[in-house]
Amino acid sequence: MNDLHCVSLELAKELAKNGWSKKTEFWWTQHKEQQDNPAYKDCAMICDKETLEMYPIEFWNVFPAPIATEILEELPEDLTKNGSFLASVKCNNGFSVSYTDDDPEYFDESLPNALAKMWLYLNSQKEGGR
Numbered sequence: 002m003n004d005l006h007c008v009s010l011e012l013a014k015e016l017a018k019n020g021w022s023k024k025t026e027f028w029w030t031q032h033k034e035q036q037d038n039p040a041y042k043d044c045a046m047i048c049d050k051e052t053l054e055m056y057p058i059e060f061w062n063v064f065p066a067p068i069a070t071e072i073l074e075e076l077p078e079d080l081t082k083n084g085s086f087l088a089s090v091k092c093n094n095g096f097s098v099s100y101t102d103d104d105p106e107y108f109d110e111s112l113p114n115a116l117a118k119m120w121l122y123l124n125s126q127k128e129g130g131r
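Residue numbers (our numbering): 2 to 131.
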């Protein structure tokens, strides 16, 4: 699988830490014995659900790796405070995702990463009592 089709490992960890609960088709996995070894810090693989089920889960740290459509399903279509809608724009070297001028715009070379950054922002605002 092309890793630009799902969120990066770092964003997958952030999503898990911040309450992402939707089941995903793909998962980032890291062997637990290697997680604290600097040489293996970024050593991970993307698995689909069937592959993940083949390995004993107790040996792996597992993080959801949603694709763009899975994240879009979790984002509001509009923000009711002013009826603004979600806009995603493909630029020369990446993607821009935003709702309004009031909220930040998130840019990344992959659409899933840009959408995940927006989800994390909105989730933090929800937690903060927005």
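Think of the CB as a built atom: it goes at the ideal place given N, C-alpha and C, for glycine as much as any other residue.
Owing to the predicted nature of the structure, the values given are computational and were not obtained by experimental measurement.
Quick one: residues in its chain with C-beta nearer than 6 Å to the C-beta of R131, no 5 flanking neighbours on either side, listed in chain order?
Start at 1 with the first residue of the sequence shown, and residue 131 comes out as number 130. Bear in mind that a pLDDT of 46 at R131, under 50, signals an unreliable position, so the model cannot answer this.
Can you determine whether any heavy atom of the ligand FAD sits closer than 7 Å to the C-beta of W21, and answer yes or no?
What this structure holds is no ligand at all, so the ligand FAD is not there to describe.
Counterpart residues of M55 in DSSP-defined beta bridges:
Taking the sequence shown and counting its residues from 1, the one referred to as residue 55 is at position 54. In the DSSP output, where bridge partners are listed per residue, M55 has none listed.
Identify the continuous alpha helix (DSSP H) that holds T70 and give its terminal residues.
Start at 1 with the first residue of the sequence shown, and residue 70 comes out as number 69. Here the alpha helix (DSSP H) through T70 covers A69 to L73.
How should D37 be labelled, buried or exposed, when 16 other C-beta atoms within 10 angstroms of its C-beta is the threshold for buried?
Numbered from 1 along the sequence shown, position 36 holds the residue referred to as residue 37. Flag for D37 reads exposed.
Drop a sphere of 10 angstroms on the beta-carbon of T30, count the other beta-carbons inside from all chains shown, and report buried for 16 or more, exposed for fewer.
Taking the sequence shown and counting its residues from 1, one reaches residue 30 at position 29. When all chains shown are included, T30 counts as buried.
My assumption, with CB atoms under 8 Å, is that E78 sits in contact with L87. Please give the rounded CB distance.
As a first step, residue 78 must be located in the sequence shown, where it is residue number 77. As a first step, residue 87 must be located in the sequence shown, where it is residue number 86. Yes, they are in contact, since the Cβ atoms of E78 and L87 sit about 7 Å apart, within 8 Å.
How long is the line joining the alpha carbons of L121 and F108, rounded to whole angstroms?
Position 120 of the sequence shown holds residue 121. Position 107 of the sequence shown holds residue 108. Separation of L121 and F108 (C-alpha to C-alpha, rounded to the nearest whole angstrom) is 13 Å.
Contact between the region 89-103 and the region 53-62 is defined here as three or more beta-carbon pairs at a separation below 8 Å; is this criterion met?
Two segments are said to touch when three or more pairs of C-beta atoms, one from each, lie closer than 8 Å; by this definition the region 89-103 does not touch the region 53-62.
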